[in-house]
Amino acid sequence: MSGGTIALIIVGVVVFLALVVAIWFVATYNKFVRLRNDVDEAFSTMDVYLKKRYDLIPNLVETVKGYAKHEKEVLENVMKARYNAMNSSNANDKVRSENMLSSTLKSLFKVTENYPDLKADKNFTQLMNELSHVEDEIVNARKYYNGTVKIYNTKIDVFPSSIIARAFKFEKRNLFEVEAPEERKNVKVQF
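Set out below in structure tokens:
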């Protein structure tokens, strides 16, 4: 083989390797974009169910107010927690405020146990059924969100895709976790 042929082979191998690296680079970058969009979509889906819950809470509070007039502090805490959750500015605040809202809802449900007439009220029963259904949807949406975040964060952490993640500032997202142990329990909807 002549020197020209060897040089041509070397150039061909280098071009081939550069092409492979370029294809890998583009594919990895696109995968990050898809995963980031999946995480955003999952958060948005969860947000829809949280909005449904926000919309139910004032009706529930108004219904309880008629029966439990001296439980004003509990009702105010629920509404304040609802307001904070609705106006959370980022994912971390959202997690914290949602956990607080779940906690205040539990205290509201405890109060309702002391009022048998309230539990017999058709509006209250319907609202509680709707809230129970929405709570189930929220649980499922949180699972989906956390699953997509896990996949996204794992892709950011593993080598060699971590190189592209750092280069293009793909940042890890937080899981939607419950902070306080008492909040890990499901909201108990009981009539």
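When you number the sequence shown by the numbering used here, it's gap-free, plus one each residue, and the end is 191. Even glycine gets a Cβ: it sits at the ideal position worked out from N, Cα and C. Only a predicted model underlies this, so the values are computations on that prediction, with no experimental measurement involved.
Helix, strand or coil at residue i [DSSP, three-state]
i	result
Asp121	coil
Tyr115	coil
Ser89	coil
Asn174	coil
Glu62	helix
Glu130	helix
Spatial distance of residue i from residue j (CA atoms)
i	j	result
Phe168	Ser161	11 Å
Ala126	Asp117	Looking at the sequence shown, residue 126 is not Ala but Gln. If you take the alpha carbons of Gln126 and Asp117, they lie about 14 Å apart.
Ala85	Ser97	5 Å
Lys122	Leu175	38 Å
Arg58	Lys51	Here the sequence assigns Pro to residue 58, which means Arg is not the residue at that position. Taking the straight line from one Cα to the other gives about 12 Å.
Ala91	Gly12	49 Å
Thr154	Gly3	47 Å
Met100	Ser88	12 Å
Arg166	Lys172	10 Å
Glu135	Tyr83	18 Å
Met46	Val95	11 Å
Arg184	Glu137	Note that Arg184 scores 49 on pLDDT, short of 50, meaning its location in the model is unreliable and no value can be drawn from it.
Leu19	Ala27	12 Å
Val193	Asn30	The structure shown does not extend to residue 193, since the chain is modelled only from 1 through 191, so no value can be given for it.
CB-CB length for residue i against residue j, believed under 8 Å
i	j	result
Leu35	Tyr152	4 Å
Closer than 8 Å to chain B by CB, residue i
i	result
Asn90	Structure shown: chain B not included; a single protein chain is present.
CB contact flag (residue i, residue j, <8 Å)
i	j	result
Ala141	Tyr49	yes
Leu56	Glu177	no
Val158	Val39	no
Phe25	Ile164	yes
Self-check item: contact_flag[the region 102-114, the region 74-90] where n(CB pairs < 8 Å) is 3 or more
Solution: yes
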